[in-house]
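If you use our numbering, the sequence shown corresponds to residues 5 to 323, in order. Even for Gly, the Cβ is constructed at its ideal location relative to N, Cα and C. These numbers come from a predicted model, not from an experiment.
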Amino acid sequence: MDAPGREDFPQPHIGAEQTLDRMAEKRNDKAWIEERLADASSRFLLFSDLSLAVDTNADRSETKLRWYTPDQVRELGADLSESFLLGCNSENHAVFAVSLSEAQAKAGQGGMDALKPLVDLRSLAMQGALRPDDLSLAGMGRALAAWHIMCKCCGRCGGHTIMRDAGWRRQCWACGQEFYPRSDPAIIVLITDGTRCLLGHHKRYAHKFYSTLAGFVEPGEDFEACVRREMREETGVRIGEVTYMASQPWPFPHLMMVGCWAQALTTELTLEEEELHDARWFSRDEVKLMIEDKHPEGFTVPGPHSIAFALIKSFVESG
Ligand SMILES: [Zn+2]
């Protein structure tokens, strides 16, 4: 069975709906960056140890990004020069993100309490609690914040690295080696034998939760080869045609999910049990019930903002 047309493919939300102009050409314009850092109309997202400061109600069902002015950021203990530029919004105001360590946050006015609530962005993403464009923006900020934490030292000589280009480059002070923010590619795959699709249950998943299968792209491998290798290793299924459908940045910490449909040439399963607790073939009718949370055995699938859901939904709608 052919994969559905990409124009009909339901788009996942994280990373797909940014309305910001990234202003890449201004990242190394020091005068422009300094002017914008001092401009009272500039806005800042604030992370502390990768948790995001938001405005929310008790059950997190109504959550909004919390925006800070330059003065507020300074009062909270952050160093403005450590901010990274996300871009300019539709009103041409500069938008930055800044990351505070716990020690910095405690030393600022009001301490940690002034930042609360600090929330886990991944939980908000799974819950669908933020507007898609806000989620994309916060995801971009979080991926950069995580990269800065992980890239403080040079992998070549061990020297300290210094932030450059408004947060889009780091450079070793000792040997000059440059580092750029990274995205790690991973494939995520809807395998079908024509009438059924193969979904897996990982050990780390909640009980009765089934999803599309995924794996990391290795050096020297293209996406198609990665799909064939990973799916054979994990399930024993041999894959024929592979069709690219869509991608989704997943900023935990900085994955790029590459969503594909894959045609199964064989259907017998030999599971790699270390990782995969179970995998089974589901009919369209069954998957539809799983999406609607009405499956008689209580099986469920991922929430609507994920590329896994988009792939699974496209399978149901392709019949
Ligand atoms: Zn170095």
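Among the options, nearest to residue i - alpha-carbon criterion
{"i": "residue 139", "options": "57, 180, 106, 192", "result": "57"}
{"i": "residue 213", "options": "33, 291, 125, 244", "result": "291"}
{"i": "residue 120", "options": "62, 220, 24", "result": "62"}
{"i": "residue 294", "options": "304, 287, 285", "result": "304"}
{"i": "residue 79", "options": "66, 168, 110", "result": "110"}
{"i": "residue 220", "options": "192, 88, 313, 105", "result": "192"}
{"i": "residue 260", "options": "268, 266, 315, 250", "result": "250"}
{"i": "residue 172", "options": "224, 13, 276, 100", "result": "100"}
{"i": "residue 36", "options": "223, 13, 89", "result": "89"}
{"i": "residue 222", "options": "215, 216, 232", "result": "232"}
{"i": "residue 141", "options": "42, 50, 30", "result": "50"}
{"i": "residue 6", "options": "190, 297, 265", "result": "265"}
{"i": "residue 41", "options": "286, 75, 281", "result": "75"}
{"i": "residue 316", "options": "278, 227, 202", "result": "202"}
{"i": "residue 272", "options": "196, 24, 226", "result": "196"}
Element boundaries [alpha helix (DSSP H), containing residue i]
{"i": "residue 40", "result": "34-42"}
{"i": "residue 129", "result": "125-131"}
{"i": "residue 77", "result": "74-79"}
Secondary structure of residue i, DSSP reduced to three states
{"i": "residue 114", "result": "coil"}
{"i": "residue 251", "result": "strand"}
{"i": "residue 152", "result": "helix"}
{"i": "residue 224", "result": "coil"}
{"i": "residue 173", "result": "strand"}
{"i": "residue 109", "result": "helix"}
{"i": "residue 305", "result": "coil"}
{"i": "residue 102", "result": "strand"}
{"i": "residue 7", "result": "coil"}
{"i": "residue 12", "result": "helix"}
{"i": "residue 31", "result": "coil"}
Segment limits, beta strand (DSSP E) that includes residue i
{"i": "residue 294", "result": "Taken as a continuous stretch (DSSP letters only), residue 294 belongs to no beta strand (DSSP E), being part of the alpha helix (DSSP H) at 288-295."}
{"i": "residue 323", "result": "It is not in any beta strand (DSSP E) - residue 323 carries neither H nor E in the DSSP assignment."}
{"i": "residue 189", "result": "188-196"}
{"i": "residue 200", "result": "200-206"}
{"i": "residue 181", "result": "Run containing residue 181: none; DSSP gives neither H nor E here."}
{"i": "residue 52", "result": "47-52"}
{"i": "residue 68", "result": "67-69"}
{"i": "residue 263", "result": "259-268"}
{"i": "residue 332", "result": "An answer regarding residue 332 cannot be provided, because it is not within the stretch 5 to 323 covered by the chain."}
{"i": "residue 162", "result": "Counting along the chain, residue 162 falls outside any beta strand (DSSP E), and DSSP gives it neither H nor E."}
Residue j beta carbon less than 8 Å from that of residue i
{"i": "residue 242", "j": "residue 274", "result": "no"}
{"i": "residue 204", "j": "residue 149", "result": "no"}
{"i": "residue 82", "j": "residue 102", "result": "yes"}
{"i": "residue 308", "j": "residue 143", "result": "no"}
{"i": "residue 53", "j": "residue 70", "result": "no"}
{"i": "residue 163", "j": "residue 176", "result": "yes"}
Contact test: residue i Cβ vs ligand 1 heavy atom, cutoff 7 Å
{"i": "residue 163", "result": "yes"}
{"i": "residue 155", "result": "no"}
{"i": "residue 160", "result": "yes"}
{"i": "residue 178", "result": "yes"}
{"i": "residue 181", "result": "yes"}
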